[in-house]
Structures are given as structure tokens and as C-alpha cells.
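A.B. asks: Numbering (the working numbering), first residue to last: 11 to 157. Note that CB positions come from ideal geometry on N, CA and C, so glycine has one too. As the structure is a computational prediction, the values presented were derived from the model and not from experiment.
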Amino acid sequence: MVRVDTPDARALQEAQQAELGDLFGFRGFALADPPQFRSPRGAFLVAYEGDVAVACGGICPLGALPGTAEVKRMYTVPPYRRQGIGVRILRSLEVEALALGYRAAALETGTVMHWAVAFYQGQGYSQIPLYPPYLASTHSTCLGKAL
Numbered sequence: 011m012v013r014v015d016t017p018d019a020r021a022l023q024e025a026q027q028a029e030l031g032d033l034f035g036f037r038g039f040a041l042a043d044p045p046q047f048r049s050p051r052g053a054f055l056v057a058y059e060g061d062v063a064v065a066c067g068g069i070c071p072l073g074a075l076p077g078t079a080e081v082k083r084m085y086t087v088p089p090y091r092r093q094g095i096g097v098r099i100l101r102s103l104e105v106e107a108l109a110l111g112y113r114a115a116a117l118e119t120g121t122v123m124h125w126a127v128a129f130y131q132g133q134g135y136s137q138i139p140l141y142p143p144y145l146a147s148t149h150s151t152c153l154g155k156a157l
């Protein structure tokens with residue numbers, strides 16, 4: 011695990027937010043709030059290929075669903091996609107969530123991000139009702155899984 015505010019973690023988040031900005035046509039996505047990903051209730055992971063940071067993801071408490079870890083900031087640098095790195099990050103986050111006492115995991119992704127929905131469904135996640143702050147969103151879908 012690494013701290014969410016390390017240069018590598020920040021660079022991966024900035025790359026993710028830039029890619030989302032290109033996809034959705036606007037900028038201004040917020041970077042993760044570092045305290046939410048810190049122990050004892052959160053974690054943030056960065057995967058490396060040699061010395062290069064290539065993927066990341068984090069978990070933090072999901073206040074709207076007690077006992078549930080929210081998976082956030084999942085991202086893999088494009089040249090490293092489809093090599094199983096995202097699966098390893100997600101599985102490691104789920105193991106960490108269990109160790110932290112969570113019983114379930116949930117996440118939000120964009121409705122137009124069919125590849126992301128398919129990725130999470132392939133890992134056992136299924137659609138759940140929208141949760142705050144996404145209740146009124148027409149661009150969000152939420153997925154969850156018992157751990």
C-alpha cells in the first residue's frame with residue numbers, strides 16, 4: 011500500500027481525471043481526499059511495473075451503506091490495460107476491505123462506461139440502487155458485491 015498523496019498516486023489520479031475529462035467533455039474532477047483512504051478505515055494501492063506506477067485504486071467507508079467499502083479511483087495506464095493488473099488491484103482492495111471489517115464493496119461508474127461495468131460484473135459485482143451523492147444522477151450506475 012502507498013499513501014494516496016504520494017507523487018505516483020497523484021500522477022495516476024491526475025491521468026484518470028484527464029481521461030474522464032476527455033470522455034465526458036469537461037474538466038474539474040476532484041482528486042481523492044487523502045484522509046478518506048488512510049488507515050484505519052481506508053487503503054490506497056499503486057501497482058508498479060519495474061519503477062513505473064501503472065495502476066491504482068482505493069477503498070474508503072461508504073457512509074450511506076454501513077459496513078460497505080467504496081471502491082474509488084480505479085485506473086490503469088492505457089498501455090498496461092488488459093493484462094490483469096486492474097483485477098489484481100481490485101482483488102487486493104477486497105482483501106484489504108475484509109481485513110478492515112467491511113462486509114461488502116460498492117462503487118459508482120458512468121453509465122456510458124460500458125467497459126467498466128463489464129469489468130466489475132466480471133468480478134462478481136452487480137447493479138445496486140444509486141447511493142448518495144449519486145441519487146439524482148442520470149449519468150451514474152452503482153454496483154456492489156458481498157465480500
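Starting from SER150, follow the beta strand (DSSP E) in both directions and report where the run begins and ends.
C.D. replies: Walking along the sequence shown from the start, residue 150 turns up at place 140. Here the beta strand (DSSP E) through SER150 covers 150-156.
A.B. asks: Does DSSP put GLY94 in a helix, a strand or coil?
C.D. replies: Mapped onto the sequence shown, residue 94 falls at position 84. Secondary structure at GLY94: coil, using DSSP grouped into helix, strand and coil.
A.B. asks: Alpha helix (DSSP H) containing GLY68: first to last residue?
C.D. replies: In the sequence shown, the residue the question calls residue 68 occupies position 58. That residue, GLY68, is in no alpha helix (DSSP H); its beta strand (DSSP E) goes 62-71.
A.B. asks: Leaving out five residues before and five after PRO142 in sequence, what residues of the same chain have Cβ atoms less than 6 angstroms from its Cβ?
C.D. replies: Here residue 142 refers to the residue found at position 132 of the sequence shown. Result list for PRO142: ALA74, in chain order.
A.B. asks: Would you mind sorting GLU33 into buried or exposed? The rule is 16 or more other CB atoms within 10 Å of its CB.
C.D. replies: What you label residue 33 is simply residue 23 of the sequence shown in a count that begins at 1. It should be pointed out that residue 33 corresponds to Leu in this sequence rather than to Glu. Counting Cβ neighbours within 10 Å, LEU33 comes out exposed, since fewer than 16 surround it.
A.B. asks: How long is the line joining the alpha carbons of VAL56 and ALA146, rounded to whole angstroms?
C.D. replies: As a working mapping, residue 56 is identified with position 46 in the sequence shown. As a working mapping, residue 146 is identified with position 136 in the sequence shown. Straight-line Cα distance between these residues: approximately 32 angstroms.
A.B. asks: Who are the near neighbours of ALA126 in its chain, counting only those whose CB is closer than 6 angstroms to its CB and skipping five residues on each side?
C.D. replies: By one-based count along the sequence shown, residue 126 stands at place 116. Counting only Cβ-Cβ distances below 6 angstroms, and skipping sequence neighbours, we find THR119.
A.B. asks: Grouping DSSP H, G and I as helix and E and B as strand, with all else coil, what is ALA79?
C.D. replies: As a first step, residue 79 must be located in the sequence shown, where it is residue number 69. Strand, per DSSP.
A.B. asks: Please state whether the Cβ-Cβ distance between ILE69 and LEU103 is less than 7 angstroms.
C.D. replies: The residue given as residue 69 occupies position 59 in the sequence shown. The residue given as residue 103 occupies position 93 in the sequence shown. Yes, these two residues count as a Cβ contact at 7 angstroms.
A.B. asks: Sorted by chain position, which residues of the same chain lie with C-beta nearer than 6 angstroms to PRO71's C-beta, five sequence neighbours on each side aside?
C.D. replies: Position 61 of the sequence shown, counted from the first residue, corresponds to residue 71. The residues are ARG51.
A.B. asks: Could you check if GLY68 belongs to the surroundings of the ligand GTP, using beta carbon to heavy atom distance under 6 angstroms?
C.D. replies: Looking for the ligand GTP in the displayed structure turns up nothing, as the structure carries no ligands at all.
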